[in-house]
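Undergrad:
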Amino acid sequence: MRTAIAAANANSAKGSFDGPSRSYTINANDQLLAADDYRNLIVAYKNGAPVRLTNVAQVVNSAENVKLGAWSGLHPAIILNVQRQPGANVIATVDAIKQRLPELQAGLPSTLKVAVLSDRTTGIRSSVAHVQTELLLAVLLVVLVIFAFLRDWRATIIASLAVPISLIGSCGAMYLLGYSLNNLSLMALTIATGFVVDDAIVMIENIARYLEEGESAMAAALKGAAQIGFTIISLTVSLIAVLIPLLFMGDVVGRLFREFAVTLSITILISAVVSLTLVPMMSARWLKPQVKSDAPPGRMQRFSDDVMVRYDRGLSWVLVHQTLTLLVAVATLALTVALYMVIPKGLFPTQDTGQLQARIEAAQIVSYTRMAELQQAAAAAILEDPDVASLSSLVGVDAARNTMLHTGSMLINLKRDRAGSQADTMTRLRERVGKVAGVTIYLQPTQDLTIDAETGPTQYRVSLEAADTASVIKWADQLTQQLKRQPELKNVVSDADATGLAVYIDIDRDSAARLSISAAAIDDALYSAFGQRIVSTIFTETNQYRVILEARPDTLTTPAQLGNLQLRTGSGKSTPLSAIATITERQSPLQITHVAQFPATTLGFDTAAGVSLGKSVDVIRQAALDIKLPASVTMTFLGAAGAYQSSLSSQLWLILAALVCVYIVLGVLYESYIHPLTILSTLPSAGVGALLALMISGAGLGVIGIIGIILLIGIVKKNAIMMIDFAIEAERHQGMTAQQAIHQAALLRFRPILMTTLAALFAAVPLMLGWGDGAELRRPLGLAIFGGLIVSQVLTLFTTPVIYLAFDRLSQRLSGRHRQAEPA
């Protein structure tokens, strides 16, 4: 029958010929173009009478895969997953699709409805809108800080111009580089608001100081710009140097944050150009000399003067008790290391995107029909929840498009105005589906930033690989049982389940040989009957359709009936399969995964509430040691867990690389080995503040937090650069001692240090207090910068002068020994 069907539908070249005056192409009605054409197809002759296909088979126009089902809610559906092309604008793509939907609906019967089941851009639009709001709020707070200290609306406008010019210039550079405006780039622009205004603040504050001393606007601008120009160059170059390691981060995490680093670097560079050119020019043309007034100072002036007096008093005390201050600095470094060792570590924070991915699992012996019923029962239970807006579901294939009849997947959309949290909703849904007998549900929230290329039942995965399947299944079962006993983990699951049912056919080769039936012929007959075999293809002008051959489903309901399959013998007669084979039932895994050609299995797990990914990874490694996992079985973390392992190994190297880059740049700028160390000594205090803020908030240390700490390296060192620049200048040109020079520098630079720190601090506040979609992703960055700046501002104003003097004494001692070693 298979041969007859295939031969009756041909589509091959038939040639052409030339007559005396004309050329002809040969065509024929050799193709069958519809299912009805097959009904009267003659497949054989019996006793001289034709046997048509409809006499021995049912010919139906149906779906190619009858063991694949999809539903929208509880209604049968065809689900189309639309993916944008790389580089395409996702919002523009979705808008274009939605514009075409009415046209598609108009071309369909009225009983068919076209609807959008899931739209990821809803959260993207909302997230981008919230980041834009946070960006505007950061700009407003920074401007208020400038005005509060300078108390001059002209100076405030001049300094504030650096923000829009830098941000607009950065957007232009991003366009030329082909970057998109997304959560990460907007986050970079938001945090850059505090950076870009720093240079302008330093410049305008120095010019304003000369104006307060009675200089004309032009003279103040010239003197202030000349004095502070090198400082701004040092600030800019060293800050960009901090970001260099981010450009060389590997794996997926590195590709994600490369645009972040480039965007931030461009913004900082533009702000430096603005501060060195536009700000002095406008100050010379627009600022007014200060007119001395006998009026009592205002509240802000009194507060500023009082803070300055208290700082002078505290600094004088610190310079007397330098040993104690150095001990505090060393203790800060030790505390930073200790906090880094104990802080919970992870990859990315879990976001509330308003969408959940669900996997429904039943026993491996469940048929497709039963699984479809269980899937519908689970869907009905989920739709009863008041926080669920809609869902779509699929049965028959897994996330990798492998045929899996005992599993189903769901995409659940939550209501945007729900009262409870995402975690509360997930707990309720598990309880609801738990009442459906025979199924288990695994839920995980859809994330904007994903590392996994595959979607599994759990958020994290680990694989076991070995040389043979038996070893993989054995050790996977032992490890799974061990992990299920760990309170730090939940939803532990393994795909090495060998409880599926298989029908085993034991061929009696001697009996088959006597009948001239080969093993290949048996396989061929079985596949034709039960394998949904493609025997032909119907070609139309717009599509192509497979012709599927299989035994009628109602003729085989038990394994014993498999023996009735008829096989053709060498004499042309038929014999049942049971005559040459024994049929038994066995348990068997439904699939065997291979990684690099080796048998492998995947274990999935989620972290328990309040447990970090780093802690979970440590627990799994310890569990593998407890069961004495042999060296012949390789354990590898996959997806997000694997990316965490990679990022953990590179975290310290990334921070050290940033420090080395800054040290080299500062060493070149100052032509000194000592002064860069003084500047870098301010960093431990920032680390303490950042790590404490992340720990207290429960955010833990992830990739976003590490980015925040790296940015802190660039921010905090600005304070030391501004002090040391003035101290070196005073020592060289005013003949001051080191202690006099650093004392005066600390007092002169106190106001700009306070202003730049508060500007960066307030720029981080909107991120730290972020709300709406994507806030979970932005919050660790704001927390790290806010906490680091708070602690470092208090400590470095006192420790930096003391460390400067300590290194100065060390430098003099070393230079003295060098002079003594020189020959007379």
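For my numbering, count along the sequence shown from 1 and bump the result up by 753.
Backbone N, C-alpha and C fix where the C-beta goes; we use that ideal spot for every residue, glycine too.
#1: Classify residue 1367: buried if its beta carbon has 16 or more other beta carbons within 10 angstroms, exposed otherwise.
#2: Leaving out five residues before and five after residue 1573 in sequence, what residues of the same chain have Cβ atoms less than 7 Å from its Cβ?
#3: How do the stretch 1388-1401 and the stretch 973-986 stand: do at least 3 beta-carbon pairs fall below 8 Å, yes or no?
#4: If you draw a straight line from the C-alpha of residue 1201 to the C-alpha of residue 756, how long is it?
#5: Between the Cα of residue 1027 and those of 914, 1125 and 1474, spot the shortest distance and give me the residue it belongs to.
#6: Using alpha carbons as the reference points, say which of 1323, 1024 and 898 lies closest to residue 916.
#7: Under a three-way DSSP split, which group does residue 933 fall into?
#8: Just curious, the alpha helix (DSSP H) that residue 808 is in, first and last residue?
#9: State buried or exposed for residue 1576, treating a residue as buried only when at least 16 other CB atoms are found within 10 Å of its CB.
#10: At 3 residues or longer, what runs of the beta strand (DSSP E) sit wholly inside the stretch 1353-1405?
#11: If you compare alpha carbons, which of 1225, 918, 1008 and 1480 is closest to residue 945?
#12: Pull up the distance between the alpha-carbon of residue 767 and that of residue 1298, whole angstroms please.
#13: Distance check for residue 969 and residue 1485, CA to CA, integer angstroms please.
#14: Report the three-state DSSP secondary structure of residue 1428 (helix, strand or coil).
#15: To the nearest angstrom, how far is the alpha carbon of residue 1508 from that of residue 1517?
#16: Between residue 1133 and the rest of its own chain, which residues show a CB-CB distance below 7 Å, the 5 nearest in sequence each way excluded?
#17: For residue 1570, does the count of other Cβ atoms within 10 angstroms reach 16, so buried, or fall short, so exposed?
#18: Once you ignore the five residues that flank residue 1426 on each side, which residues in its own chain have a CB closer than 8 Å to its CB?
#19: Candidates 1115, 1039, 795 and 1129: which alpha carbon is nearest residue 1583's?
#20: State the Cα-Cα distance for the pair residue 1459 and residue 1010, rounded to the nearest angstrom.
#21: Closest to residue 1188 by CA distance: which of 876, 1128 and 852 is it?
#22: Can you name the residues that DSSP bridges to residue 1157?
#23: Could you please give the first and the last residue of the uninterrupted alpha helix (DSSP H) stretch that includes residue 1319?
#24: Of all the options 793, 1316 and 1451, which has the alpha carbon lying nearest to the alpha carbon of residue 807?
#25: Between residue 891 and residue 943, which are expected to be in contact by the criterion C-beta below 8 Å, what is the C-beta distance as a whole number of angstroms?
#26: For residue 814, which residues in the same chain have their Cβ closer than 6 Å to its Cβ, ignoring the five residues on either side in sequence?
#27: Only counting runs of 4 or more residues, tell me where the alpha helix (DSSP H) segments fall wholly within the stretch 1528-1576, in order along the chain.
#28: Between the Cα of residue 1078 and those of 1552, 1558 and 924, spot the shortest distance and give me the residue it belongs to.
#29: Roughly how far, in whole angstroms, is the beta-carbon of residue 1322 from the beta-carbon of residue 1270, given that I think they are within contact range, below 8 Å?
#30: Give the C-beta separation of residue 707 and residue 1477 to the nearest angstrom, bearing in mind that I take them to be a contact with Cβ-Cβ under 8 Å.
#31: Span of the alpha helix (DSSP H) holding residue 1246?
#32: In terms of DSSP beta bridges, what is residue 1108 paired with?
#33: Nearest-angstrom Cα distance between residue 837 and residue 1098?
#34: When you compare each of 1423, 1554 and 798 to residue 1608 by their alpha carbons, which one comes out closest?
TA: Based on what the coordinates show:
#1: Flag for residue 1367 reads buried.
#2: With a pLDDT of only 46 at residue 1573, under the threshold of 50, the placement of this residue in the model should not be trusted, and no figure is reported.
#3: No, they do not touch.
#4: Their Cα atoms are separated by approximately 52 Å.
#5: Among 914, 1125 and 1474, the Cα nearest to that of residue 1027 belongs to 914.
#6: Checked all of 1323, 1024 and 898; the closest Cα to residue 916 is 1024.
#7: Note: residue 933 maps to coil in three-state DSSP.
#8: Per DSSP, residue 808 belongs to the alpha helix (DSSP H) from 806-809.
#9: Note that residue 1576 scores 47 on pLDDT, short of 50, meaning its location in the model is unreliable and no value can be drawn from it.
#10: Counting whole runs of 3 or more residues, the stretch 1353-1405 contains the beta strand (DSSP E) stretches 1387-1391.
#11: It is 918.
#12: Between residue 767 and residue 1298, the C-alpha separation is close to 23 Å.
#13: Just so you know, the alpha carbons of residue 1485 and residue 969 end up roughly 27 Å apart.
#14: Look at residue 1428 here: in three-state DSSP terms it is helix.
#15: It is roughly 14 Å from the alpha-carbon of residue 1508 to the alpha-carbon of residue 1517.
#16: The residues are 827.
#17: In this predicted model, residue 1570 has a pLDDT of only 49, less than 50, meaning its place in the structure is not dependable; the value taken from the coordinates is given anyway. So residue 1570 counts as exposed.
#18: Taken in chain order, the residues that qualify are 1420.
#19: Outside the shown range of the chain, which is 754 to 1577, sits residue 1583, and nothing can be said about it.
#20: If you draw a straight line from the Cα of residue 1459 to the Cα of residue 1010, it is about 12 Å long.
#21: Closest by alpha carbon: 1128.
#22: Bridge partners of residue 1157: 1149.
#23: Here residue 1319 belongs to no alpha helix (DSSP H); instead the beta strand (DSSP E) covers 1319-1321.
#24: For residue 807, the closest of 793, 1316 and 1451 by C-alpha to C-alpha distance is 793.
#25: Here residue 891 really is in contact with residue 943; their C-beta atoms are around 5 Å apart, less than 8 Å.
#26: The residues are 788.
#27: Counting only runs of 4 or more, we get 1528-1574.
#28: Taking only the C-alpha atoms, the option nearest residue 1078 is 1552.
#29: That belief holds up - the Cβ atoms of residue 1322 and residue 1270 are roughly 6 Å apart, short of 8 Å.
#30: Since the displayed the chain opens at 754 and closes at 1577, residue 707 lies outside it and no answer follows.
#31: Run containing residue 1246: none in the alpha helix (DSSP H); it sits in the beta strand (DSSP E), 1242-1247.
#32: Looking at the DSSP assignment, residue 1108 forms a beta bridge with 1166.
#33: Their Cα atoms are separated by approximately 33 Å.
#34: Any question about residue 1608 goes unanswered here, given that the chain covers just 754 to 1577.
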